[in-house]
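Chemist:
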Amino acid sequence: MPLPHTPKTDWDPADGVAAADLNEVGDNLVALETHIDATTGIHGAVAAATASKLVIRDAAGRAAVADPAAAGDIVNKQTLEVHTGNTANPHSVTKTQVGLANVTDNAQMPIAGGTFTGKAYAQSNTDYTTGQIRNIFFSAAAPTTEGANGDLWVQY
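The sequence shown begins at 1 in full-length UniProt numbering and counts up one residue at a time.
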């Protein structure tokens, strides 16, 4: 930013300070203050992703950056969303790394449909504070008696 007046740097006591000198100093201070207060066009800064330009936020407070190409680049929203939306395990995380080492790799029963081929073990002790499967009844008729704690009646 060029100043309106080239500052005098070789002052000598014999020079004295004239009114014009003070006006030039004042003009330069005003120019510096205007530059400090500026919110647009500062040093050629732009809000768009532009090579070799300083970044300034746009009217909405955003700053645009290009898609990252190197490890130290800023990540933009689009690139982040593509990565976080990738459900194909892009980091090759194992079940052990997320605390599931004791879980078998068997296929799980779907929420609806499918055929149950395993064993369902009923819990005969109903003193637990969490829900337990105790007895499972499948019938075309409605229950004839009130079930006990933990009983499951499926009418089809």
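Beta carbons: idealized from backbone N, C-alpha and C, even for Gly.
#1: In three-state terms, what does DSSP make of residue 151?
#2: Please go through the same chain and pick out, in chain order, the residues whose beta-carbon is closer than 6 Å to the beta-carbon of residue 49, but skip the five residues on each side of it.
#3: What is the residue span of the beta strand (DSSP E) that residue 135 lies within?
#4: Going by C-alpha distance, which of 90, 40, 69 and 71 is nearest residue 57?
#5: Candidates 153, 20, 43 and 51: which alpha carbon is nearest residue 73's?
#6: For the alpha helix (DSSP H) containing residue 17, list its first residue and its last residue.
#7: Just to confirm, are residue 31 and residue 3 a CB contact at a threshold of 7 Å?
#8: Quick check: what's the CA-CA separation for residue 149 versus residue 143?
#9: Measuring CA to CA, which of 9, 62, 79 and 61 is closest to residue 69?
#10: From residue 138 to residue 87, what distance separates their C-alpha atoms?
#11: Could you check what DSSP says for residue 82 in three-state terms: helix, strand or coil?
#12: By DSSP, does residue 65 sit in helix, in strand, or in coil?
#13: Ignore the nearest five residues each way along the sequence and tell me which others in residue 76's own chain have a CB closer than 6 Å to its CB.
#14: What separation, rounded to the nearest whole angstrom, lies between the Cα atoms of residue 46 and residue 53?
Modeler: According to the data block:
#1: Within the sequence shown, residue 151 is the residue found at index 151, counting from 1. Residue state, collapsed to three classes: strand.
#2: Mapped onto the sequence shown, residue 49 falls at position 49. Non-local C-beta neighbours of residue 49 in its own chain, meaning closer than 6 Å and more than five positions away in sequence, comprise 64, 65 and 66, ordered along the chain.
#3: To locate residue 135, count along the sequence shown from 1; it is residue 135. Counting along the chain, the beta strand (DSSP E) containing residue 135 begins and ends at 135–139.
#4: Numbered from 1 along the sequence shown, position 57 holds the residue referred to as residue 57. Nearest of 90, 40, 69 and 71 to residue 57, Cα basis: 40.
#5: Position 73 of the sequence shown, counted from the start, is the residue given in the question as residue 73. Minimum Cα distance to residue 73 is reached at 51.
#6: Position 17 of the sequence shown holds residue 17. Judged by DSSP secondary structure, residue 17 falls outside any alpha helix (DSSP H); it is assigned neither H nor E.
#7: Residue numbering aside, residue 31 sits at position 31 when the sequence shown is read from its first letter. Residue numbering aside, residue 3 sits at position 3 when the sequence shown is read from its first letter. It is a contact, given that the beta carbons lie within the stated cut-off.
#8: Here the question's residue 149 lines up with position 149 in the sequence shown. Here the question's residue 143 lines up with position 143 in the sequence shown. C-alpha separation (whole angstroms): 14 Å.
#9: Start at 1 with the first residue of the sequence shown, and residue 69 comes out as number 69. Minimum Cα distance to residue 69 is reached at 79.
#10: Stepping through the sequence shown from its first residue, residue 138 is reached at position 138. Stepping through the sequence shown from its first residue, residue 87 is reached at position 87. Roughly 38 Å between the two C-alpha positions.
#11: To locate residue 82, count along the sequence shown from 1; it is residue 82. In the structure shown, residue 82 sits in a helix (DSSP, three-state: H, G or I).
#12: For the purposes of this step, residue 65 is identified with residue 65 of the sequence shown, where counting begins at 1. In this structure, residue 65 counts as coil in the three-state DSSP scheme.
#13: Counted from its first residue, the sequence shown places residue 76 at position 76. Cβ neighbours of residue 76 beyond the five flanking positions: 65.
#14: The count along the sequence shown starts at 1 and reaches residue 46 at position 46. The count along the sequence shown starts at 1 and reaches residue 53 at position 53. Whole-angstrom Cα-Cα distance: 7 Å.
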